[in-house]
Structures are given as C-alpha cells and as structure tokens.
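Enquirer:
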Amino acid sequence: MRLLFILLIIYSIFTNNVNPTIAADLGAGEQIFSANCSACHANGNNAIMPDKTLKKEALELYGMNSINAITNQVKNGKNAMPAFGGRLADEDIENVANYVLNQSEQGW
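For the sequence shown, the positions run -23 to -1, 1 to 85 when mature numbering (1 follows the signal peptide of the UniProt record, and there is no 0) is used.
1) Would you call the CB atoms of Trp85 and Lys32 closer than 8 Å?
2) Is Lys29 helix, strand or coil when you go by DSSP?
3) Counting beta carbon pairs with one atom in the region 4 to 12 and one in the region 63 to 73, are three or more of them shorter than 8 Å?
4) If I measure Cβ to Cβ from Asn79 and keep anything under 7 Å in the same chain, skipping five residues before and after, which residues do I get?
5) Do you know offhand how far Asn13's Cα is from Ile(-14)'s?
6) Return the CA-CA distance between Met41 and Glu82, expressed in angstroms with no decimal places.
7) Run the CB neighbour count on Ala(-1), radius 10 Å, all protein chains shown included, and call it buried at 16 or more, exposed below.
8) Closest by CA to residue 89, which one among Gly21, Asp69, Lys55?
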C-alpha cells in the first residue's frame, strides 16, 4: 500500500507540473505584422532586399522556415532589419513568427 501511495505522489508531481503549450494567436500575429512589418514586407515581399522575401521558397533557401529562426530574426534583427526584441513582447514576436510562417505556407 505504501508503494502505491508513493507511486501516486510521483505520478501527480510529473503530471501536474507540465506547462500546457500555448497555441499561437494568428489574429494577433496579423495585427502585429500589419503595425510593425508590413511597411517593408507587404504581401510577403521585401521592399529593401527584394530577394529575401517572406515567401516559402525564400524562407527555405535562407534557412528561415521555422518558428525559431523567424523569432530570432524578429528579436535580434539582421542587416537592414531592425531588432524588435526591446519593442515587442515575446508573445507578440511568437505570434508574428507563427503568422509569417503560416502565410508563407498559404502563399501569402
């Protein structure tokens, strides 16, 4: 009986301390993109560096076809792109990264 009790406590520790995964809010990502990114990246294009668009093929070519890569780029900036890490909350950056990747897969 004591062993069963110990196993039950261990089980509850592991199952109750799991953080649920928060789904990205694509609607919020779209709003953030419109307010902060669309001046240079309207419709997934790039007004500054035309070859480096947000289209699926370009993201794949430049190794930017993951949430982590896009999030890193948005936070830290690169070349002509400014860093948004100090201006946007991490959740906002995560939402915009998910929005960009989703739009690229949909063909903008």
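Where a beta carbon is used, it is the ideal one built from N, C-alpha and C, also for glycine.
Expert: In this structure, then:
1) With respect to Lys32, Trp85 sits close: the two C-beta atoms are nearer than 8 Å.
2) coil
3) yes
4) Cβ neighbours of Asn79 beyond the five flanking positions: Leu3.
5) 47 Å
6) 13 Å
7) exposed
8) As shown, the chain starts at -23 and ends at 85. That puts residue 89 outside it, with no answer to give.
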